[in-house]
Amino acid sequence: MILVVPVLLVLSAMSLALGLVLPLVHFKKLYFFSETPSLIDIVVSLWGQGSGGLAVLIALFSIVFPVVKLFAITLEATAPASAGSRKTWLARLLPVLGKWSMMDVMLVALVIVAAKTSGMASAFTQPGLWFYAASAIMTGLLQTTLRPH
Numbered sequence: 070m071i072l073v074v075p076v077l078l079v080l081s082a083m084s085l086a087l088g089l090v091l092p093l094v095h096f097k098k099l100y101f102f103s104e105t106p107s108l109i110d111i112v113v114s115l116w117g118q119g120s121g122g123l124a125v126l127i128a129l130f131s132i133v134f135p136v137v138k139l140f141a142i143t144l145e146a147t148a149p150a151s152a153g154s155r156k157t158w159l160a161r162l163l164p165v166l167g168k169w170s171m172m173d174v175m176l177v178a179l180v181i182v183a184a185k186t187s188g189m190a191s192a193f194t195q196p197g198l199w200f201y202a203a204s205a206i207m208t209g210l211l212q213t214t215l216r217p218h
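Under the numbering used here, the first residue of the sequence shown is numbered 70, with each subsequent residue one higher.
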């Protein structure tokens, strides 16, 4: 049981990294055009198209929050028992970040459903979405393992 936390920390970090750079979804339009963007590609594309506000929101909730949450969980797992002030700061931060864990996975799922029901494009999940979801699930497990109450 003592190896569960370190293994989950490493696997979660690797899954998050892969989830950010691998394609999330494959869009096929009119049988000729296809697109397989990663999460970082989506943010860069939105920024380049002049949708800076949306790009910042997606980057914040999809990239920054999961990285900060994983970093905070790592600090909590490795902090010595005598580090009381750090533990109270983390005790307030982690539940707030935890509420946003699966938001991106749900957002991509909604985009896939919308693309399939509109008839304009076909959409299929790609490995990036699965790695991203796995990272969110593993960080949730880590959070409940470290604070079972």
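Note that beta-carbon positions come from the ideal geometry of N, C-alpha and C, so glycine has one too.
Note that the structure is predicted; figures quoted are calculated from it, not measured.
- Task: Have a look at the DSSP bridge pairing and note the partners of F193.
- Result: Translated into the one-based positions of the sequence shown, residue 193 becomes position 124. Answer is H95, bridged to F193.
- Query: How many Å lie between I142 and F96 at the Cα?
  - Reply: Numbered from its first residue, the sequence shown carries residue 142 at position 73. Numbered from its first residue, the sequence shown carries residue 96 at position 27. The alpha-carbon atoms of I142 and F96 are separated by roughly 35 Å.
- Straight-line CA distance for K98 to F193? On the sequence shown, position 29 is the one that residue 98 refers to. On the sequence shown, position 124 is the one that residue 193 refers to. Looking at the two C-alpha atoms, the distance is approximately 12 Å.
- V94 classed as buried or exposed, judged by whether at least 16 other C-beta atoms fall within 10 angstroms: By one-based count along the sequence shown, residue 94 stands at place 25. When all chains shown are included, V94 counts as buried.
- Query: Excluding sequence positions up to five away, which residues of its chain have a Cβ less than 6 Å from the Cβ of S204?
  - Reply: Along the sequence shown, read from residue 1 onward, the residue named residue 204 stands at position 135. Hits under 6 Å: S81, S84, L85 and G88.
- Within 8 Å, strictly: CB atoms of L91 and P196: Numbered from its first residue, the sequence shown carries residue 91 at position 22. Numbered from its first residue, the sequence shown carries residue 196 at position 127. Result yes, Cβ atoms of L91 and P196 sit closer than 8 Å.
- Message: Do A148 and V74 count as a contact pair if the criterion is CB distance below 8 Å?
- Response: By 1-based counting over the sequence shown, the position of residue 74 is 5. By 1-based counting over the sequence shown, the position of residue 148 is 79. Taking 8 Å as the Cβ cut-off, V74 and A148 do not qualify as a contacting pair.
- Task: Determine the extent of the beta strand (DSSP E) in which S103 is found, giving its start and end residues.
- Result: Residue 103 sits at position 34 when you count from the first residue of the sequence shown. Taken as a continuous stretch (DSSP letters only), the beta strand (DSSP E) holding S103 covers F102 to E104.
- Message: Using the Cβ count rule (16 or more neighbours within 10 Å means buried), how would you classify P164?
- Response: For the purposes of this step, residue 164 is taken as residue 95 along the sequence shown, with counting starting at 1. P164 should be labelled exposed.
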